[in-house]
Amino acid sequence: MANSPQARKRIRRNDRRAEINGARISRIRNFVKKVESAIEGGDKVVAAEALKAAQPELARGVARGVMHKNTASRKMSRLTKRVAAL
2 MANSPQARKR IRRNDRRAEI NGARISRIRN FVKKVESAIE GGDKVVAAEA
52 LKAAQPELAR GVARGVMHKN TASRKMSRLT KRVAAL
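As structure tokens, this is what we get:
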């Protein structure tokens with residue numbers, strides 16, 4: 002257990018940030034899943050709309066520091082490629 006006040010504060014802060022970051026990652030995953038389910042359904046219009054909504058979420062995840070920029074870029078690229086192939 003932390004003994005100094007700074008270390009105690011850091012633990013409290015880390016717990017709060019972990020909760021917030023977890024929610025952000027979950028939100029991004031939900032947007033990506035919507036695109037993937039639309040692709041599975043074969044509906045190009047719905048998939049394109051879902052992709053349009055997912056791209057800013059991925060970019061926001063990078064800006065907030067919960068996701069690496071190359072990871073987000075790779076996901077966007079692969080989803081875009083799959084939507085275009087419909």
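Position in the sequence shown counted from 1, then plus 1, gives you my numbering. Note that CB positions come from ideal geometry on N, CA and C, so glycine has one too. All figures in this text were calculated on a predicted structure; none of them were measured in a lab.
{"query": "Quick check on this structure: which residue in L80, A55 and R14 has the alpha carbon closest to the alpha carbon of I26?", "result": "A55"}
{"query": "Looking at A48: is its Cβ nearer than 9 Å to the Cβ of L87?", "result": "yes"}
{"query": "Helix, strand or coil: which one does DSSP assign to M92?", "result": "For the chain, the structure presents residues 2 to 87; residue 92 sits outside this window and is missing."}
{"query": "Between the C-alpha atoms of A3 and R9, what's the straight-line distance to the nearest angstrom?", "result": "6 Å"}
{"query": "Suppose the cutoff is 6 Å on Cβ atoms and the five residues either side in sequence are ignored; what does the same chain contact list for V104 look like?", "result": "The requested residue 104 does not occur in the structure, where the chain is confined to residues 2 to 87."}
{"query": "Excluding five sequence neighbours on each side, which residues of the same chain lie with their C-beta closer than 7 Å to the C-beta of R28?", "result": "E58"}
{"query": "Express the C-alpha separation of D16 and K35 in angstroms, rounding to a whole number.", "result": "29 Å"}
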